[in-house]
Amino acid sequence: MKTPFKSKTLFKLLSLMLAAGLLFSSCSGSKDSASEQEKTAEASTEETIKIGVLHSLSGTMAISEVSLKDVIEMAVEEINASGGVLGKKVEPVIVDPASDWDLFAEKSKELILDKKVAAVFGCWTSVSRKSVLPVFEEHNSLLFYPVQYEGEECSANVIYSGATPNQQLIPAAEYLMSEKGGGYKKFYLLGTDYVFPRTANKILKAFLLSKGVPKENIIEEYTPFHHQDYQTIVSKVKKFAAGGKACVLSTVNGDSNVPFYKEFANQGLTAAMCPIMAFSVAEDELRSMDTEFLVGHLAAWNYYQSVESPENKLFVENFKKFCEKKGLPGGKGRVTDDPICWAYTDIYLWKNAVEKAGSIEIEKMRPALYGLEFKSPGGLVKMSEKNHHLAKPVMIGEIRSDGQFDIIWKTEGLVEPEPWSKLTSPDKDCDHVSHGGTYTFKN
Numbered sequence: 090m091k092t093p094f095k096s097k098t099l100f101k102l103l104s105l106m107l108a109a110g111l112l113f114s115s116c117s118g119s120k121d122s123a124s125e126q127e128k129t130a131e132a133s134t135e136e137t138i139k140i141g142v143l144h145s146l147s148g149t150m151a152i153s154e155v156s157l158k159d160v161i162e163m164a165v166e167e168i169n170a171s172g173g174v175l176g177k178k179v180e181p182v183i184v185d186p187a188s189d190w191d192l193f194a195e196k197s198k199e200l201i202l203d204k205k206v207a208a209v210f211g212c213w214t215s216v217s218r219k220s221v222l223p224v225f226e227e228h229n230s231l232l233f234y235p236v237q238y239e240g241e242e243c244s245a246n247v248i249y250s251g252a253t254p255n256q257q258l259i260p261a262a263e264y265l266m267s268e269k270g271g272g273y274k275k276f277y278l279l280g281t282d283y284v285f286p287r288t289a290n291k292i293l294k295a296f297l298l299s300k301g302v303p304k305e306n307i308i309e310e311y312t313p314f315h316h317q318d319y320q321t322i323v324s325k326v327k328k329f330a331a332g333g334k335a336c337v338l339s340t341v342n343g344d345s346n347v348p349f350y351k352e353f354a355n356q357g358l359t360a361a362m363c364p365i366m367a368f369s370v371a372e373d374e375l376r377s378m379d380t381e382f383l384v385g386h387l388a389a390w391n392y393y394q395s396v397e398s399p400e401n402k403l404f405v406e407n408f409k410k411f412c413e414k415k416g417l418p419g420g421k422g423r424v425t426d427d428p429i430c431w432a433y434t435d436i437y438l439w440k441n442a443v444e445k446a447g448s449i450e451i452e453k454m455r456p457a458l459y460g461l462e463f464k465s466p467g468g469l470v471k472m473s474e475k476n477h478h479l480a481k482p483v484m485i486g487e488i489r490s491d492g493q494f495d496i497i498w499k500t501e502g503l504v505e506p507e508p509w510s511k512l513t514s515p516d517k518d519c520d521h522v523s524h525g526g527t528y529t530f531k532n
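Each residue of the sequence shown is one higher than the one before, counting from 90 in this note's numbering.
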């Protein structure tokens, strides 16, 4: 016969076993799914949705990246003023990776694992993007990357809103070779020594050679980050240009552009003698440069502050007012440029995809990006139906004395992105919908 004490003990034991069984069954599902749900729950509190901002606020790249942080804050302020996302305020969590590529990886982990952000907006150089890529892929988080890049990448965890090579590099070279562009026949490829310039120049060389440019008419040279002494290099450019019909294709990045352009002018080189076609210099960099000697030099982008449209006029005015109101350096004298435009666009692409999906969960909102259209300050753009790149117009700009650009050439419509260049990787493409990423064509 059971005593009351034994009955109570048995009852407690059965209750504990039942609870343990329920706990076990709840943990027996997908570990990744549980982790994703936990991260999503923490990224979205009752009041806010956190997003990460990963741009250098100090170091050699601050000259370019600080403004991207500023415009992201402006976009968040606009969105919050209009009701937020899914009825919640957006909270930017800002970190400074300080132009240190290893620190980019550390800061991305901090945003994803400690701050539990729903998405991250950041990076400029390809080396910083390559540094954080394993972190985003390991933890299945999403990076919105707003700067032109070299292609040859197709990650499910990156949204590439900047230009692919066929949306910047190739149109620029084609323009310079054309009768309207000057019919140039000699090309000096000068860049900062890291991933983007080296891969960009590999693609540019393949293009130039395919068009019949002799090897001896192509020179390739690199300098380290923060390089300041361009006297010897510009002397070589001057000698190279002496015979006429020579130009520079520049992938010099960051604050090295200041001494490069200055030395170019010091040695008497002008745009009429040897134009520089820049792929990493825009209005924001020109703010800190003496533009008197830069007039006539060129750049290839997908947006300029001088784009004439009601949307861009409002965007420029709002950015100037925001910088003045916040007491940011430069105040209402600040300018917009291509990466600033796409950093701003990225926030709205994320917002529109989240609202279309009804969720900040990556596996739900990412498919909502495919085919998504947005009327950006640079005009209508469209996310690829199969990968994470934007179709957009291409423009060639000529530097004015006021640090702005006259748009002297523009494509008639949107140029579809090619993550893998047909010049150097004709057998590869990027398709996340049907092929799960990069795939090779079958012969």
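Glycine included, each C-beta is placed from N, C-alpha and C at the ideal position.
From a predicted model like this one, the values you see are computed outputs, not experimental measurements.
Residue i (DSSP reduced to helix, strand or coil)
i: residue 165; result: helix
i: residue 517; result: strand
i: residue 399; result: helix
i: residue 375; result: helix
i: residue 203; result: helix
i: residue 301; result: coil
i: residue 356; result: coil
i: residue 422; result: helix
i: residue 170; result: helix
i: residue 412; result: helix
i: residue 389; result: strand
i: residue 157; result: helix
i: residue 136; result: coil
i: residue 384; result: coil
i: residue 522; result: coil
i: residue 556; result: Since the first and last residues shown for the chain are 90 and 532, residue 556 lies out of range.
i: residue 405; result: helix
i: residue 531; result: coil
i: residue 125; result: Note that residue 125 scores 48 on pLDDT, short of 50, meaning its location in the model is unreliable and no value can be drawn from it.
Residue i burial status per 10 Å Cβ neighbour count (16 or more: buried)
i: residue 202; result: exposed
i: residue 123; result: With a pLDDT of 44 at residue 123, under the threshold of 50, the modelled position of that residue is not reliable, and no figure is offered here.
i: residue 222; result: buried
i: residue 399; result: exposed
i: residue 317; result: exposed
i: residue 429; result: buried
i: residue 117; result: Residue confidence for residue 117 is low, a pLDDT of 37 falling below 50, so the modelled location carries little weight; the figure read from the coordinates is stated next. Exposed.
i: residue 326; result: buried
i: residue 339; result: buried
i: residue 119; result: Residue confidence is low: residue 119 scores 40 on pLDDT, short of 50, so the model does not pin down where it sits. Its coordinate-derived value is still stated next. Burial call: exposed.
i: residue 394; result: buried
i: residue 248; result: buried
i: residue 418; result: exposed
i: residue 252; result: buried
i: residue 313; result: exposed
i: residue 495; result: exposed
i: residue 372; result: buried
i: residue 522; result: exposed
i: residue 170; result: exposed
i: residue 305; result: exposed
i: residue 227; result: exposed
Contact under 9 Å by Cβ, residue i with residue j
i: residue 213; j: residue 144; result: yes
i: residue 233; j: residue 439; result: yes
i: residue 533; j: residue 408; result: For the chain, the structure presents residues 90 to 532; residue 533 sits outside this window and is missing.
i: residue 503; j: residue 477; result: no
i: residue 256; j: residue 507; result: yes
i: residue 230; j: residue 451; result: yes
i: residue 147; j: residue 185; result: yes
i: residue 376; j: residue 492; result: yes
9 Å Cβ cutoff, residue i in contact with chain D
i: residue 481; result: This model lacks chain D altogether, as it is built from one protein chain only.
What are the start and end residues of each continuous alpha helix (DSSP H) run of 4 or more residues lying completely inside the stretch 314-354, in chain order? 320-330
Segments of 4+ residues assigned as alpha helix (DSSP H) that fall wholly inside the stretch 429-476: 451-458
Runs of 3 residues minimum, wholly inside the stretch 228-298: which ones carry the beta strand (DSSP E) assignment? 232-234, 247-249 and 275-281
Are three or more beta carbon pairs between the stretch 287-301 and the stretch 252-270 nearer than 8 Å? yes
Which parts of the stretch 172-223 are runs of the alpha helix (DSSP H), unbroken and 4 residues or longer, counting only runs that do not cross its ends? Every unbroken stretch of the alpha helix (DSSP H) spanning 4 or more residues and falling wholly within the stretch 172-223 is given here in chain order: 190-198.
For the stretch 339-349 and the stretch 142-157, state whether three or more C-beta atom pairs, one from each stretch, are separated by less than 8 Å. yes
May I ask you to verify whether the stretch 378-398 touches the stretch 486-501, counting CB pairs closer than 8 Å and requiring at least 3? With three or more CB-CB distances shorter than 8 Å, the stretch 378-398 counts as touching the stretch 486-501.
Does the structure place the stretch 354-367 close enough to the stretch 281-290 that three or more beta carbon pairs sit under 8 Å? no
In chain order, what are the residue ranges of uninterrupted beta strand (DSSP E) at least 3 long that sit wholly in the stretch 480-517? 484-488 and 494-499
Can you find at least 3 beta carbon pairs, one from the stretch 324-331 and one from the stretch 155-169, that sit closer than 8 Å? no
Quick check: the stretch 288-296 against the stretch 503-521, are there 3 or more CB pairs under 8 Å? yes
Is the stretch 525-532 touching the stretch 236-253 in the sense that three or more CB pairs, one from each, lie closer than 8 Å? yes
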